[in-house]
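In my numbering, the protein residues as written are 7 to 580.
Backbone N, C-alpha and C define an ideal beta-carbon position, used for all residues, glycine too.
Single-structure report; data block below.
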Amino acid sequence: MNASISGVSHVLEVLGAEQVQQILHRLTSIIPFPVYVLTPEGEVLGRLKTEESCLPNIERFQVDPERHVVTGVSPAGCLPETLRAIPLELHKEVAGYMVAVLEPGDIEDEAATRRVRLVADLLAEKAYAEYELENLTEELIEKYNEVNLLYDISDALGAVLDPNKVCQIIIEKAVEVVGVEKASIMLYDSAQNCLYIAASHGIELTEEALREIRVAPGEGVSGRVFISGKHLIVENIEESSLPIDSHRERRYKKKSFISVPVREYKKKSFLSVPMVCSPKQTEKRVMGVMNMTDKRSSDMFTSGDLRLLTAIAMQAAMSLYNIQLIEEMKDIERMKKEMEIAQQIQQGLLPAAPPALPGIELAARCLPATQVGGDYYDFFLCADQKLGLVIADVSGHNVGAALMMAVARSTLRSEVLAQKSPARVLKDTNLMLYEDLTHAELFITMFYAEYDMHTKVLCYANGAHNPPILVRDGACIFLDTEGIFLGLWESADFEEHTLALQPNDLVIFYTDGVVEAMNEAREMFRVERLCDVAKAHTHSSASQVLQRIYAELVQHSGSATRSDDITVVVLKVH
């Protein structure tokens, strides 16, 4: 059966002369007069008892489609007045004609006329039943072949995890079963926001030229199919209003095409099918577009070609989606390991415990986030009974940021041991780190202070870090100075201040993860609440104040995920 012919008006042509003749023979017992069965154009497909008529060798009748009367025959001959042309109607469409040669006495006989009509109706029904049966049989065979093909494709793909290899396997199978000379698969590159050719067949371009082809979503045939997620069949590209990519010149041999975004086509018909997968019922992903042209067996692509190619495209899309998921899982696992390494580096930079020193009490803690942060604090025992204290935060949440903090720690230690002032320590540290920070596209906020245990004077400088809070006599004072991020400007200067501390003074050093900690309602902890907690516990020890701050943070955050480290250092003067 020719699947490209469809519609009930072509039922007899689809069945063919042999099957029409078989139907007539089965009706011999109920047809008392000679009959011819014609196509809508008048070609004789079958005849019964015509050797008894005056028109035994007629091959074609001319039938007036308006009056349904015979107006001529071929080969030419006389037309008896007893000829009757009865339309064979199916679903209100004329599928052909039954020409009956009646006896002269039957012309005006109402019963004979009814009998002729009944025979015509019966003949039409029998023909349509045969047509439906053959259609069903062919459909079952097509389904069987389709299932076998999909099994073959699945088996061929096996454990292939390279998208380009998957596409090449798919294109070879599709070309074989559909029977085309040219085909391509275009996949979507989300990073470049374009379609590119992942596999092709029969396209006379170099690999380099194929790699250069890019189609934006919405551009040309492939771009339109990708955006809409719906197939497109064009019977004649020359008569189509579709915009053809201006950078391509096309010549076709025929008029039917399954869209191939290349330069040379022999035919003018094409078909483009989206590669769609639905990993979830509510989600539809278009992975790319399958294109075909230059069909070998005919000028036009059929509904069967479309159905088959759609099934292949769906299987290809799901395979590509699974590969994408596997790669994403690998990336997640790789990032997880990277984060673990970064956390190990970060935790290794922090002191095991604050030093125990006369006249002051120190407590510190860094609570890592679910993602790696860049928090860092440290203590340095300097000359002349001075304590160096630093708290810092490097931008970024990866191994690179952790390694940069390790470099910053070493640089800072060298500057501190050179017995420089806090402002000079920040200036020279910035100078040493500037090139590395710029290259890595990172920056560091840093607060550095030196506490003289003999004079109880705190000298400090700030590089755009959260200003520490001095809690004294029920009030909060922010210790801030002028200064910018380390890594922002190579020759930056930093302002330096001094402050005499008093007994029972509390100094709270912290990172932005403390005051920006979110609860489930997306509300921040805020610096005001940190001040309130500190003021409420000025008579507690440094470790008790630290515990209270973290308890308040836990209560505030609830089950919300931490996106940044939470670091607090408490200094209490006795």
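- For residue 89 and residue 108, the gap between their C-alpha atoms comes out near 6 Å.
- In summary, residue 293 is buried, with 16 or more beta-carbon neighbours lying within 10 Å of its beta-carbon over all protein chains present.
- Shown here, residue 236 sits in coil according to DSSP, grouped into three states, outside any helix or strand.
- Nearest to residue 221 by C-alpha distance, out of 207, 215, 210 and 203, is 203.
- Residue environment: residue 53 is assigned as buried (16 or more neighbouring CB atoms within 10 Å of its CB, all protein chains considered).
- With respect to residue 372, residue 567 sits apart: the two C-beta atoms are not nearer than 7 Å.
- By the neighbour-count criterion, in which 16 or more other beta carbons inside 10 Å mark a residue as buried, residue 331 falls on the exposed side.
- Counted as a single uninterrupted DSSP element, the beta strand (DSSP E) harbouring residue 475 occupies residues 475-478.
- A check of alpha carbon separations from residue 550 across 369, 81 and 160 identifies 369 as the nearest.
- With respect to the C-alpha of residue 164, the residue from 326, 520 and 388 having the closest C-alpha is 326.
- The beta carbon of residue 526 sits closer than 7 Å to those of 564, 565 and 566, all from its chain and outside the five residues before and after it, given in chain order.
- Boundaries of the alpha helix (DSSP H) around residue 442: 428-446.
- Residue pairing by DSSP puts residue 80 in a beta bridge opposite 66.
- Under the three-state reduction of DSSP output, residue 411 falls in the helix class.
- By the neighbour-count criterion, in which a residue is buried when 16 or more other Cβ atoms sit within 10 angstroms of its Cβ, residue 301 is buried.
- Taking 7 Å as the cut-off, the beta carbon of residue 284 is found no closer than this to the beta carbon of residue 185.
- It is roughly 5 Å from the alpha-carbon of residue 393 to the alpha-carbon of residue 457.
- The stretch 438-451 makes contact with the stretch 492-503, as at least three CB pairs between them are under 8 Å.
- The stretch 28-44 makes contact with the stretch 109-126, as at least three CB pairs between them are under 8 Å.
- The beta carbon of residue 488 sits closer than 6 Å to the beta carbons of 501 from its chain, once the five residues preceding and following it are set aside; these are given in chain order.
- In the structure shown, residue 72 adopts coil according to DSSP, grouped into three states.
- In this structure, DSSP gives residue 518 a helical state, which the three-state scheme calls helix.
- Under the three-state reduction of DSSP output, residue 459 falls in the coil class, being neither helix nor strand.
- When secondary structure is reduced to three states using DSSP, residue 578 falls in the strand class.
- With respect to the C-alpha of residue 469, the residue from 486, 475, 461 and 478 having the closest C-alpha is 486.
- Relative to the Cα of residue 320, the nearest Cα in the group 172, 216, 416 and 217 belongs to 172.
- Distance from residue 579 to residue 366 at the Cβ level is roughly 6 Å; contact confirmed, criterion being Cβ atoms closer than 8 Å.
- Linking residue 545 to residue 416 through their CA atoms gives a straight-line distance of about 36 Å.
- Within the same chain, and ignoring the five residues on either side of residue 41 in sequence, the residues whose Cβ sits closer than 6 Å to its Cβ are 54, 104 and 106.
- With a threshold of 16 other beta carbon atoms within 10 Å, residue 387 falls short and is exposed.
- Note that the stretch 445-461 touches the stretch 397-406; at least 3 beta-carbon pairs, one per stretch, sit closer than 8 Å.
- Residue pairing by DSSP puts residue 505 in a beta bridge opposite 464.
- For residue 402, the closest C-alpha among the options 496, 427, 356 and 348 is that of 348.
- Within the same chain, Cβ atoms closer than 7 Å to the Cβ of residue 290 are found at 235, 282 and 284, the five residues on either side in sequence being excluded.
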